[in-house]
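The structure appears below as structure tokens.
In my numbering, the protein residues as written are 145 to 298.
Rendered as structure tokens:
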């Protein structure tokens, strides 16, 4: 084999020699948290205003949401729900809000929100998680999941 072919053989191994993503430092993490907070506010406003274009850009193309019932929504189903005015964790009041920042950057947000069950006309507390990732045009919601909490008998 000619020596010129050796570098080509090494190309498939190049990712193995790449540096792993660097975890954001504290200042970067705070910046990402501020950006995701602003993104969440814009997203909630788009849901309230039924702003289709902003909603379309807010969800990653491969987005999924797992409901407390186990039902799975994709991006299109979630936008249809938002346009229909269904209660969504993305626009609900939130307590116990927590942010975790990872390389990528990726931000995982958890919280607790009261959500109205339209069929029962009762409000239940849900604990939820949303994963935000960076895309070419900024932040996107990649995945979310909500779990209904047991009703307190106090």
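Just so you know, even glycine gets a beta-carbon here, dropped at the ideal spot from N, CA and C.
In this text the structure is predicted, and so the values were computed from the model without any measurement.
Per DSSP, residue 252 lies in no alpha helix (DSSP H) segment; the continuous beta strand (DSSP E) that holds it begins and ends at 250–261. No Cβ-Cβ contact shorter than 8 Å links residue 276 with residue 290. Annotated as distal: residue 180 and residue 272, with beta-carbon spacing of 8 Å or more. Ranking 278, 191, 246, 240 by CA distance to the CA of residue 258 puts 240 first. Check the Cα spacing between residue 218 and each of 236, 204, 212: the tightest is with 204.
For secondary structure counted as the beta strand (DSSP E) over 3 or more consecutive residues, the segment 259–286 holds these complete runs in sequence order: 266–279.
Looking from the CA of residue 213, the closest CA among 268, 296, 279 belongs to 268.
Between the alpha carbons of residue 288 and residue 249 lies a distance of about 17 Å.
In this structure, DSSP gives residue 247 a state outside helix and strand, which the three-state scheme calls coil. Within the segment 173–235, the complete alpha helix (DSSP H) segments at least 4 residues long are 196–202, 219–227, listed from N- to C-terminus. In this structure, the alpha-carbon of residue 280 lies about 16 Å from that of residue 207.
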